[in-house]
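I have placed the structure first, in the form of structure tokens, so that the comments after it can refer back to it.
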């Protein structure tokens with residue numbers, strides 16, 4: 034198998050519908066690499082606006098099957114972090130999008146251990162993938178109010194593995 038270089042860029046923009054006065058943090062995991070945002074205290078709608086870059090070297094099939102996990106943790110009054118919910122999807126889902134990007138998409142947070150697939154909140158993010166030598170399309174910033182529920186439903190419909198897992 035031919036080895037290739039890829040770069041996965043993830044921007045965590047904001048979260049919504051978290052518990053009131055939450056002290057929240059988002060982690061982004063790609064394979065065995067994990068990065069995290071700063072903790073935002075006392076809000077159910079934190080604005081993170083943090084950017085992470087992951088490098089991947091490997092064959093294309095392994096690359097496409099690699100999972101991205103966006104997870105939210107809440108810090109308790111004892112300063113312990115407790116898992117709240119996550120969104121999990123394969124790189125392939127992003128790769129198949131126009132320009133290999135999810136732009137301004139709401140990822141629905143669920144508890145993977147729960148049999149119910151009810152939303153526990155949402156994280157708005159950008160995910161873009163580029164192979165070595167490619168340029169990433171830059172989107173203009175928008176402050177439009179968007180439909181969280183509609184985007185999350187569309188996301189789940191495109192993710193057959195997620196539908197069957199819950």
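Residue numbers (this note's numbering): 34 to 199. We treat Cβ as the ideally placed atom computed from N, Cα and C, and that holds for glycine.
For the pair residue 35 and residue 53, the Cα-to-Cα distance works out to about 49 angstroms. Cβ-Cβ separation between residue 105 and residue 48: approximately 6 angstroms, consistent with a contact (criterion under 8 angstroms). Beyond the five residues adjoining it in sequence on each side, residue 157 comes within less than 6 angstroms, by CB distance, of 46, 47 and 139 in the same chain, given in chain order. Assignment of residue 83 by DSSP, reduced to helix, strand and coil, places it in the strand class. Taking C-alpha positions only, residue 81 is separated from residue 94 by approximately 32 angstroms. No residue range can be given for residue 76, since it is assigned to no alpha helix (DSSP H) and is classified by DSSP as neither H nor E.
Contact annotation: the region 128-137 does not touch the region 67-85, with fewer than three C-beta pairs closer than 8 angstroms. Taking C-beta separations shorter than 6 angstroms and ignoring five residues to either side along the sequence, the partners of residue 144 in its chain run 118, following chain order. For residue 139, the pairing in a beta bridge is given by DSSP as 157. Secondary structure note for residue 62: its beta strand (DSSP E) is the uninterrupted segment 57-63. Within the same chain, and ignoring the five residues on either side of residue 83 in sequence, the residues whose Cβ sits closer than 6 angstroms to its Cβ are 45 and 70.
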